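To start, the structure itself, in structure tokens.
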Amino acid sequence: MDIRTSLKNNPPFLLVVLLAAHLVVVLFNPAPGQVGRRFGEVILMTLFQPFQTMIGLTSSGIGGIKDKYLVLRDARAENVKLQEQVAQLETDKVKLQEELRLAEQAGKIANTTLPVSAPKVVARVVGRDATIWYRTIIVDKGLASGIEKDQPVITDQGLVGRVTSVALNSARVLLLTDERHASGAAIAQASESRVMGIVQGTSNSYGKSSLRCELKLVGATGEKPAVGEIIFTSGQDGFYPRGLIIGKVATPLNAAENSPDTVPIEPTAPLDKLESVGVLLVSKEKIQAQKDELDKVEREKEQQEKDRQKKAAEQKKKQAE
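What follows is the structure in structure tokens.
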């Protein structure tokens, strides 16, 4: 059986063959209005256009998301970097402010006018005694800077204490408020009443303030300096030159500070907040020489007073005769 006979005997199949042949002819014919394009190509492009558009949009969306992610990641990294820079700038700012403040303190101490001619070494407080808080401090200057034991330590506001031990680049300072300060106590004098006494530290065990010291009065006058009166070194102890301000007479806080032979003293130097101090590079020989000079003046005054009394007695005797 040949092909023609088979097609005649099977009309549906013949129809399919004819339609297929027609479709092939149509697909390969030039598309109307589309120069250089066949009809089949146009149909395929039309059929696949939605899929191509979808794929393009999807690819574009994925690319956009990727780009946005990369931008966000870079922005986040940049933000972290900027935050670190801001934190570092804040730290540097605080350090500079601290250095400026300490420099100002050092300048005030260095320019403090003293009653004795002596060079000063400005030192920073780098430690405190952990067992007797606020009673001793450690400074960052020592033998290499000319500091020696028993040299006075001051601020621009007043006396702090004296050096008790020295290393090459550090020194320990005993504060006025340390009760051990009595072993090398400053003989002090009131600015108005001229009352004399020995400045010594106090003990909390007796109900006294650890931020104060006390003036133990000497002599039998029974007179006490008034509250607010300035107390300064007399120069008669061999440790401190004359005229260094110690503090002011304070109001007694309790019965323990209201003794008949002692007066509470509020140091003018902020002993609980010390950051910078000045060490007076004055030798004990110079202080002793000043003490000897003061003793000489006192002896001369005493002699003058005796001579005055003797002369007054002689005149009174003559008048009686």
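Just so we're aligned, residue 28 is where the sequence shown starts under this note's numbering, counting upward by one. Don't be surprised by glycine CBs; every beta carbon is placed ideally from N, CA and C. Given the structure is predicted, the values throughout are model-derived calculations rather than measurements.
Query raised in the report: If you compare alpha carbons, which of P291, K323, R189, A102 is closest to L271?
Result: In the sequence shown, counting from the first residue as 1, residue 271 sits at position 244. Measuring C-alpha to C-alpha distances from L271 to each of P291, K323, R189, A102 identifies R189 as the nearest.
Requested in this report: Quick one: residues in its chain with C-beta nearer than 6 Å to the C-beta of A277, no 5 flanking neighbours on either side, listed in chain order?
Outcome: For this step, residue 277 is matched to residue 250 along the sequence shown. Here the set comprises P291, E293.
Query raised in the report: Between the C-alpha atoms of Q112 and K122, what's the straight-line distance to the nearest angstrom?
Result: Numbered from 1 along the sequence shown, position 85 holds the residue referred to as residue 112. Numbered from 1 along the sequence shown, position 95 holds the residue referred to as residue 122. The alpha-carbon of Q112 is positioned some 15 Å away from that of K122.
Requested in this report: Name the two residues that bound the continuous beta strand (DSSP E) containing L242.
Outcome: The residue labelled residue 242 in the question sits at position 215 within the sequence shown. Taken as a continuous stretch (DSSP letters only), the beta strand (DSSP E) holding L242 covers 240-244.
Query raised in the report: What is the residue span of the alpha helix (DSSP H) that K369 lies within?
Result: The displayed coordinates of the chain run from 28 to 348. Any statement about residue 369 would go beyond what the structure contains.
Query - Element boundaries [beta strand (DSSP E), containing E293] - result: Mapped onto the sequence shown, residue 293 falls at position 266. Here the beta strand (DSSP E) through E293 covers 289-294.
Report task. For T260, name the three-state secondary structure that DSSP assigns. Result -> On the sequence shown, position 233 is the one that residue 260 refers to. Collapsing the DSSP output to three states places T260 in a strand.
Query raised in the report: Per DSSP, what kind of secondary structure is K147 in: helix, strand or coil?
Result: Residue numbering aside, residue 147 sits at position 120 when the sequence shown is read from its first letter. Looking at K147 - three-state DSSP - the assignment turns out to be strand.
Report task. Check K168 in the structure and name its three-state DSSP category. Result -> Taking the first residue of the sequence shown as 1, we reach residue 168 at position 141. Note: K168 maps to coil in three-state DSSP.
Query raised in the report: So, using beta-carbon positions, are E250 and V222 closer together than 9 Å?
Result: As a working mapping, residue 250 is identified with position 223 in the sequence shown. As a working mapping, residue 222 is identified with position 195 in the sequence shown. A contact, by the Cβ cut-off of 9 Å.
Query - Closest Cα partner of S303 within the set Q330, Q336, V180, V143 - result: Within the sequence shown, numbered from 1, the residue matching residue 303 stands at position 276. Closest by alpha carbon: V180.
Query raised in the report: Who are R155's beta bridge partners in DSSP?
Result: The residue given as residue 155 occupies position 128 in the sequence shown. I164.
Requested in this report: Let me know if A339 comes out buried or exposed under the rule of 16 or more other beta-carbons within 10 Å of its beta-carbon.
Outcome: Position 312 of the sequence shown, counted from the start, is the residue given in the question as residue 339. So A339 counts as exposed.
Query raised in the report: Tell me, which residues are paired with P179 by DSSP?
Result: By one-based count along the sequence shown, residue 179 stands at place 152. In the DSSP assignment, P179 is bridged to R189.
Report task. Helix, strand or coil for V304, going by three-state DSSP, please let me know. Result -> Stepping through the sequence shown from its first residue, residue 304 is reached at position 277. If DSSP states are grouped into helix, strand and coil, V304 belongs with the strands.
Report task. Spell out a yes or no on whether the segment 97-117 and the segment 256-274 are touching, meaning 3 or more CB-CB pairs, one atom from each, closer than 8 Å. Result -> In this structure the segment 97-117 does not lie against the segment 256-274, because fewer than three pairs of beta carbons, one per stretch, are closer than 8 Å.
Query raised in the report: Roughly how many whole angstroms lie between the Cα atoms of Q315 and D156?
Result: Start at 1 with the first residue of the sequence shown, and residue 315 comes out as number 288. Start at 1 with the first residue of the sequence shown, and residue 156 comes out as number 129. Cα to Cα, the separation comes out at about 30 Å.
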